[in-house]
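Q: What follows is a structure written as structure tokens; I'll ask about it next.
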Amino acid sequence: MRNRFFKIRIIGLLLVFTVSLFSLTGCVGCMSACMSLLDDEPYEIENDAPKSNSTYSNEKYAYNTLDEHSKKVYDELYEGIVNMEDEIEVSTSDENEFIKVTECIDADHGDIFYTDGYGYYEGGLFGGSGFTVSPNYTMTRQERDAKQAQIDSVVNSWLPECE
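According to our numbering, the sequence shown is numbered sequentially starting from 31.
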């Protein structure tokens, strides 16, 4: 009985967290994608670094709301953020498209906790067309990896209790 109560409590906390997160980001439609967390299937924590952007992002809700060009910009930006690049060239100079892409990345990847906005300017590093983006990182790669290891450890210790 205690184990069942604990599972219900964890699911409730996850549900409250999810609703709060999507309310703050304005992405209420994304909630259905997270409801799969409540399935009885075992949940595996995804690695922060994808093997391939396009295959990693294909299953993300907000990514799939974008047109093909915006998906390309999303992949360029996401890969640069995960690799913690100081300057990332993206193939758009449309500010509205860029803002939409950053909102989609934020909605799809709550695991990107180590950025605090983006600076960008028009024109690539070598005169290309598009924006050059400078993410504002709040920690170093080593700090990020250490914090992610702590998060993974806590989550992995909770998951068996939820079965």
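Ideal Cβ positions, reconstructed from N, Cα and C, are used throughout, including at glycine.
Our contact map puts N166 next to T145 with C-beta atoms below 8 Å; I'd like the distance itself, whole angstroms only.
A: Correct: roughly 6 Å between the Cβ atoms.
Q: Nearest-angstrom Cα distance between E193 and V120?
A: So the two alpha carbons sit approximately 42 Å from each other.
Q: Kindly indicate the opening and closing residues of the alpha helix (DSSP H) around N126.
A: Segment 125-138, the alpha helix (DSSP H) holding N126.
Q: V185 and L107 - do their beta-carbons sit closer together than 8 Å?
A: No.
Q: Return the residue from the list Y91, E125, H139 that minimises the CA-CA distance to E11.
A: Nothing can be reported for residue 11: it is not among the residues displayed for the chain, which extend from 31 to 193.
Q: Going by C-alpha to C-alpha distance, which of M114, E127, W188, S187 sits closest to T95?
A: Per the Cα distances, E127.
Q: Rounded to whole angstroms, what's the CA-CA distance from R174 to K101? Just pull it up for me.
A: Each residue's Cα considered, the two are about 26 Å apart.
Q: For D136, tell me which candidate among Y93, D182, E89 has the shortest Cα-Cα distance.
A: Nearest of Y93, D182, E89 to D136, Cα basis: Y93.
Q: For S123 versus G160, is the C-beta spacing smaller than 8 Å?
A: Against a cut-off of 8 Å, the Cβ pair of G160 and S123 comes out as a contact.
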